[in-house]
Amino acid sequence: MYDNALTIHKNPNDYRPFDTLNKVAAAKIFDKFSTMLGLSGSEAFLPNQCEFTDIGDLSNEDQQYIVNVCKK
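Spelled out as structure tokens, the structure:
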């Protein structure tokens with residue numbers, strides 16, 4: 001992912017590819033990737049896949065990444 005510019009990190013030391021990937025980090029990656037592919041919200045919306053009991057514990061920005069991915 002680092003080699004394909006699918007990370008915001010500028011160097012491999014900050015990228016840390018072997019760290020645990022949580023759902024917010026995954027949502028950020030999937031959101032960026034689906035945007036690069038030009039996918040819209042109507043192409044793969046799965047409403048039952050987007051129900052998280054802890055989404056209210058996340059920041060507004062992190063919630064938006066998850067909502068965006070659920071619509072793509």
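Counting from 1, one number per residue, gives the positions in the sequence shown under the UniProt record's numbering.
For each residue, glycine too, the CB sits at the ideal point set by N, CA and C.
{"query": "Start and end of the alpha helix (DSSP H) containing Ser-34?", "result": "23-37"}
{"query": "Quick check on Asn-4: does DSSP put it in helix, strand or coil?", "result": "coil"}
{"query": "Would you identify the three-state DSSP class for Pro-17, choosing helix, strand or coil?", "result": "coil"}
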